[in-house]
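Read through the structure below, which is laid out as structure tokens, and then see the notes.
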Amino acid sequence: MSTNLALTPAAAKRVGRIAERQGKPPILRLSVEGGGCSGFQYKFDLADTSESDDYVSETDGVRLVVDPVSLDLVAGSTIDFVESLGGAAFKVENPNAAAGCGCGSSFGI
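When you number the sequence shown by our numbering, it's gap-free, plus one each residue, and the end is 116.
This is how it looks when you write it as structure tokens:
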């Protein structure tokens, strides 16, 4: 299983804008929690720092950090930011997900 995990340039740009408006460093923490309509759900937060055991990836000056437990569930994923008529949201392309839901924020393995 690949541990490569990355933000697309569009996602990095959006995180950078949000972090700047909130006066925080451009660090996006992705974690996985139990729940949602498919068993697990993605959680996004701006972080002040990364932890020593975090997986860290950087795109265009924006860092993506993931804790070791969540990394097992999202390894190999790409996080994108998409805008459509239905709205704008971060979207996770997760090769580990066997099932997903219509809202795109939860998944099953």
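By construction, the Cβ of each residue, glycine as well, lies at the ideal position given by its N, Cα and C atoms.
Fewer than three pairs of CB atoms, one per stretch, sit closer than 8 Å, so the region 68-77 makes no contact with the region 90-105.
By the Cβ neighbour-count rule, V81 is buried, with 16 or more other Cβ atoms within 10 Å of its own. Unbroken beta strand (DSSP E) runs of no fewer than 3 residues, entirely contained in the region 28-66, are found at 34-41, 47-53, 62-66, following chain order. Separation of E40 and S77 (C-alpha to C-alpha, rounded to the nearest whole angstrom) is 8 Å. Residue environment analysis places R24 among the exposed positions, since fewer than 16 neighbouring C-beta atoms fall within 10 angstroms of its C-beta. Distance from the CA of K98 to the CA of D55, rounded to the nearest whole angstrom, comes to 22 Å.
Taking each of Y62, L37, Q29 in turn and checking the Cα distance to A18, the smallest one comes out for L37. Straight across, the Cα-Cα distance linking T66 with L53 is about 15 Å.
Taking a C-beta distance under 7 Å as the contact criterion, S64 and A13 qualify as a contact pair. Collapsing the DSSP output to three states places L80 in a helix. Taking each of A104, D60, D79, E27 in turn and checking the Cα distance to N11, the smallest one comes out for D79.
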